[in-house]
Structure formats: structure tokens, C-alpha cells
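Some notes on the structure that comes next.
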């Protein structure tokens, strides 16, 4: 099972068969046919933009446009009324940027702010992919928006789709040298694994098509016509912080530091991923395995090798089992490692020791080892907008960008760091932060929270998430306070569906939408993001979640050991089973004993 060629198992013929014929014979997933016929991601997108009778695009183009960094969506709050009036859905597009490592300049911030105000409802959203996305961009404004993004020296290429997506990197402002190395590796991987097709510039910026077009084999020397079987996510972490959730991703690099915090090499992780499907136990989240150690000069080669093995070995018949986590479950880590070693021409070293202490951000001011100052702001669900009667995030951060002499960093937890502030400018930044209320309302639970967008724009959402989690946290904060746990660090994450964009299965409290105002409740993950949770109670009504958790909080307050985190305690106390990994996620589910309020 180590053949590295993409073989579709077609019978011999008297002439060479086309990719499309081979795909049909192999009964590949529909998306594979779409990619083959797309002319390297062009499809009929250019023509579809000229059709003004609808705000949508064709179904096939709706799949291809993901590779260009956007999703076709509609406002589901408006569906009933528009259906009643026999109107088309209120279509718009979500646009996600590619910002490797999440670092942008103040000038770029101001430009992206202007785009938000002009085309996207006066809101920017910091995502769990350490980048920005816009919501509500209508079709007639797409090319203008993309041109404005291009003018900032940013783009949206490969922010979505069956490719290596935005590469995330550690943001710890106190480790300046290590952050610099992590950021550079993230940027280098992003550039190295970027699709080479010119379709993005042709369609969105009216660029000329390259002579020869899709007939040139070298158009995509790494990806080929069919790109990857499924999405592929890469991150770079620097211990002791795991804020990028390295075990939740297809490919990861863990910095190994010497006594002076200099990077001496990288442990490589493979096979993590969050998404699954309700009611289908052959789909499951999985934490990544540590595959080996590489020297700094070999990291890019290893990244390409891991991705191309997945390109060639991944399941192209069933997209629900197409991620790298399933490939490693089928072939085994040893066989996968051996193939990677064959492709890079050397043996990986044994993993080096490392330790993570948590997967949250460091809030407030931090001084780096170079004397520069960094302020991490909590941004509820990453939504950068002006809140009536509350924090003025959009205006406040715009004002800061106008005077800031450093840069901005987005975190994988949807927060923002005002980074590299000179000591003499700190007071001015603090004054603007206070003036616009940017540090209010950030208790311990909220600081460790993430929510996906869900309703009304996500087409996959089964329940609310971003609009629901703040109210739930208010209830849970009251419950925690009543047990003396108000400042206890507990991770809580919510998603509207089991695709897991907010990485709920490695949160100590995970809520996954099941239906309107109903959620599966998952408990028992590790605080540092290294262990999956377990389904504690299924199909819980939103109104019952506080009452379900309150007796567990009470038991935790009475029975915990010094320094013991909530997820660890629930396992030790016998409330929920420990998940080892992968398929075990669906075993021994449910409450193991009743939680009784004392």
C-alpha cells in the first residue's frame, strides 16, 4: 500500500484515457469531476459574474469559488419571508483572506477596515484560521472587493478549498526570536504550497490568461489537475503555548528551543482534524500524531512531502473520509512516515521532548525579550465591529492603526494583538483602548471561548453559535461564581454543526449544534488541546445546559486537586470516559455517573 501514483484503476484501452474518463470509471466523488473539468479552477466563474438576474453562481462554480477564498451564502433569517414572496434567496459571499501567520501592518489594517465599511456591513471577522473574513459581499461587488484586497498586497488564494489553507503560527509576543522563526516558517510553507494557477488574477483582476493555459503540465507541478482530496490545514507552534491547537490539524511543526529560546528544529505532527458527521461513527475528530523531528533546513521539504502523500493516498471517492486523519488510520503512521522519508530522501529523527501548558491567548500587556510591548485584546467571537452601548472595536482599532508604529497579529482564538509597541507609545495606545472600551467584559470563561459564525449565514449550521454563546456564558459565569470558580480558566467552544470550525472537540466544554436550540454536549478534553473530549449528553436543549453543568462545577470546586483543570477532573472523578484518539471518540459515551448538586 505504498504506491505513490494517483491511480484510478481504469481498464486498459486502445488510447490513453482522459482524466475525466478515469475519474468516472473510478467512481470518484463529484468534486473530483468538477476539479478535472475546471481548467485549473476557472470553471464558468467569469461568465457567472456577468449574470445579473441572480446573486448566486452555478452549483459547480460554488465549489470552485472556495479555492479562490470565498463561499456562496445567503441570509437564512430572511429565507421564510423571501420564499413567501417568491423571491430569490438573499445571496452574498463570505470572503476569507490568506494571511500566513496572521501578521499585518497598520496600513493594511486601515485598508481592510475601509473594505469592511464599503462592501461588508462595517464588520471584520477574525477567524479561527488566524485571518480575516468578510461577510455579506454581494456578487456585483466581488471584483471591486478583490481588487481592493489585492491593493493591500494580500489575497484570498487557497484560503478555502481542497488545498493547503492559511498557515497559522504561534503569536507569543514574549518569545520574539521564536515567534520570528515560527512566522517565517508559516509564510514559507504558505508560499511553497500555494496553487500556481493564474485563474485568480484572470477572473478577479481581469488579468490575461497565460499562453497555453491549462494544457501546460507545469501549471500545477505539486497539486495537478485534481488538487487534494480534501482541505489541508497546517500550523506552527512554539511551546509552552499551544494557541494554534496543533493537534487539531493535518500538519504541524512544534518548535524545539534551546536554553536561549532559539529554534533548533521542529517536531512534525500529522493526522489531526475536527470535522465529523452526526450519526456516522466512521467519521470522527482525531488528534495528530508526533511523526518525528526535522532540522530547520528540511521543514519545507517535509511539508511538501506530507501534503503530496495525502494527495496520492487520500480517499477521493468519499469526501467524508478524505482528510489526512483517515489516511493515517487506514495506512498506519509507520507506513506514512516511511513514504514521507522516501520522498525527502532522509530519515526523520526521533521526536524531541516538549510540553504545552494551555491553548489560550495571553491577555493584557506583555513585554518581549527585545523590549517592545504587546497588548492582546479579547474580541468576542472575533467580530470587529462597533457595538451599540459597548466596545467600539472597528472605530477603536482604526484609530489605533492610524498612529501605531508596530504591527497587528491575529490569533487562532479570534483575538487581536497590538504588537511591537515602542515603550514611549504605550500610554497613547492605552488611552485609545480605554476611550473605545476595548478591554471590558473579558472574564476567565470568555477569554477561553471560541464560537463559529453559524446562523444566519452558514449554510451548514444546524443551530446558533456566535449569537448564542455570549448569553450562555453569562449564565455559566453566574454558576461558576456561585461555586467560587469565577476566575478558573476553562475552555468553552461552540459550533453550529459538527464540522468543527471552532475546534469544539478539544475544548473542556464543547457545544455542537444538533438542531434549533439543541446541542450535543462534549466534556473531558485537555486544557492544553492534546486530548479529545467525549460526548457527555446528546441533544440537550439550550435551556438545560446550565443546569446540566452546574452540579459538575460544584463537584469540581469541592474535589479538585491543586492546579487540576476541569476536563482532567471530570475524567479522574469518573464523570466521563477518557478519549484516547480517533475511532475511540464514539466509544463509552454518556455520563458515567449522575452529577448530583451538593
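Numbering (the working numbering), first residue to last: 11 to 608.
All residues carry an ideal CB built from backbone N, CA and C; glycine is no exception.
- Residue pairing of residue 84 in beta bridges, as defined by DSSP: 101.
- Contact between residue 250 and residue 365 holds: CB atoms are separated by about 6 Å, below the 8 Å threshold.
- DSSP assignment within the stretch 185-248 yields the following whole alpha helix (DSSP H) runs of 4 residues or more, N-terminal first: 186-202, 209-215.
- Residue pairing for residue 431: DSSP places it in a beta bridge opposite 383.
- Sequence-distant partners of residue 200 (beyond 5 residues in either direction) whose C-beta falls short of 6 Å from its own C-beta, in its chain, are 110, 177.
- A residue is called buried once 16 or more other Cβ atoms fall within 10 Å of its Cβ, and residue 357, having fewer, is exposed.
- Excluding its 5 nearest sequence neighbours in each direction, residue 312 has C-beta neighbours in its own chain below 7 Å: 278, 304, 350, 354, listed in chain order.
- Note that the C-beta distance between residue 554 and residue 530 is not below 8 Å.
- Exclusion of the five residues before and after residue 377 leaves 383 as the residues of its chain whose Cβ lies within less than 6 Å of its Cβ.
- Distances from the alpha-carbon of residue 464 to those of 511, 493, 454 put 511 closest.
- Between residue 261 and residue 316 the beta-carbon gap is near 5 Å, inside 8 Å, which marks them as a contact.
- The beta-carbon distance between residue 253 and residue 370, rounded to whole angstroms, is 6 Å. This is short enough to meet the 8 Å contact definition.
- A check of alpha carbon separations from residue 590 across 540, 557, 573 identifies 540 as the nearest.
- Residue pairing by DSSP places residue 375 opposite 385 in a beta bridge.
- In chain order, 462, 464, 465, 468, 471, 472, 473, 474, 475, 523 place their CB closer than 7 Å to the CB of residue 506, counting only its own chain and leaving out the 5 sequence neighbours on each side.
- For residue 339, the secondary structure class from DSSP, reduced to helix, strand or coil, is helix.
- Here residue 104 is not near residue 412, since their CB atoms are 8 Å or more apart.
- Per DSSP, reduced to three states, the secondary structure at residue 118 is helical.
- Sequence-distant partners of residue 347 (beyond 5 residues in either direction) whose C-beta falls short of 6 Å from its own C-beta, in its chain, are 301.
- By the criterion of a C-beta distance shorter than 8 Å, residue 602 is surrounded in its chain by 584, 585, 586, 587, once the five residues flanking it on both sides are discounted.
- One Cα belongs to residue 180, the other to residue 92, and the distance between them is close to 44 Å.
- At the C-beta level, residue 195 and residue 309 come within 8 Å of one another.
- Following the DSSP letters along the chain, one finds residue 459 inside the beta strand (DSSP E) bounded by residues 459-461.
- Listed in chain order, the non-local C-beta contacts of residue 144 below 6 Å within the same chain comprise 105, 130, local neighbours out to five positions each way being set aside.
- DSSP places residue 153 in the uninterrupted alpha helix (DSSP H) bounded by 152-161.
- Taking 8 Å as the cut-off, the Cβ atoms of residue 166 and residue 275 do not count as close.
- If you look at residue 544, you'll find it in the beta strand (DSSP E) that goes 544-551.
- DSSP, read as helix, strand or coil, puts residue 78 in helix.
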